[in-house]
Every structure is written in C-alpha cells, then in structure tokens.
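A.B. asks:
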Amino acid sequence: MAKIYQNQHFKIIEANWVEYVNCTDTFGLCDVCANNSSEDPIYYIAVLDQWYCKTCLDAWLSGAKKYKSDIEKEQLNFVKIKHKLEDLGAWNE
337 MAKIYQNQHF
347 KIIEANWVEY
357 VNCTDTFGLC
367 DVCANNSSED
377 PIYYIAVLDQ
387 WYCKTCLDAW
397 LSGAKKYKSD
407 IEKEQLNFVK
417 IKHKLEDLGA
427 WNE
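Here the sequence shown stands for residues 337 to 429, numbered as in our numbering.
Below, the structure is given as structure tokens:
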C-alpha cells in the first residue's frame, strides 16, 4: 500500500511498482535512471512531479532545497497522486 515517505522537507509518496504503473498508466521506470525493478519501492516526489527509485531519491534529497515558490504546486501534485492511489484502493493511511 502506498504511503507518505517520511522526510523533513518534501512531500514524497512511497509506492510499489504495481501501484505506480496503475496510477500513471506508464511502464514504471525511474524518471532519472530508468530502473524498473518491480521488487523495489518507487517514490513520487511531488515538488518535481516525478517518480524516482531509492538510489536516485537519496541522491536528490542530499542536495535538494525547499523553495516557498514551490509549495503550492507541490501540494497540488501530491493531492492529485494521492487521490489516484485512493481511487485504486492503494492508499495506506
């Protein structure tokens, strides 16, 4: 079940490969490295509106900065994906 990935600065959703594919109607690749392991979780970064594998997420988080100008768009993206996952019955709250 998809859930919020806990971190200090950004809204990130952790999902499994099947949830990601069903939510996005895509093949299920990391938007950075194109990893498509169906065994590993994948992470939706709302501020970027992109899906990352754990390795790429960690690399991005190590240098990412939060900007006030991104907060509204981040929230809209987060809610959009959360609602899609809820409609699929894949949201764990």
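Idealized CB from N, CA, C, for every residue including glycine.
Just checking, does the segment 388 to 404 make contact with the segment 371 to 380 on the three C-beta pairs under 8 Å criterion?
C.D. replies: In short, these stretches touch, since the Cβ pair count reaches three.
A.B. asks: Would E355 be called buried (16 or more neighbouring beta carbons within 10 Å of its own) or exposed?
C.D. replies: Answer is buried; the Cβ neighbour count reaches 16.
A.B. asks: Return the residue from the list K418, A426, S405, A400 that minimises the CA-CA distance to Q344.
C.D. replies: Looking at the Cα atoms, A400 is the closest of the given residues.
A.B. asks: Alpha carbon to alpha carbon, how far is S373 from T362?
C.D. replies: Distance between the alpha carbons of S373 and T362: 14 Å.
A.B. asks: So what does I340 bridge to, in DSSP terms?
C.D. replies: Note: I340 sits in a beta bridge opposite I349.
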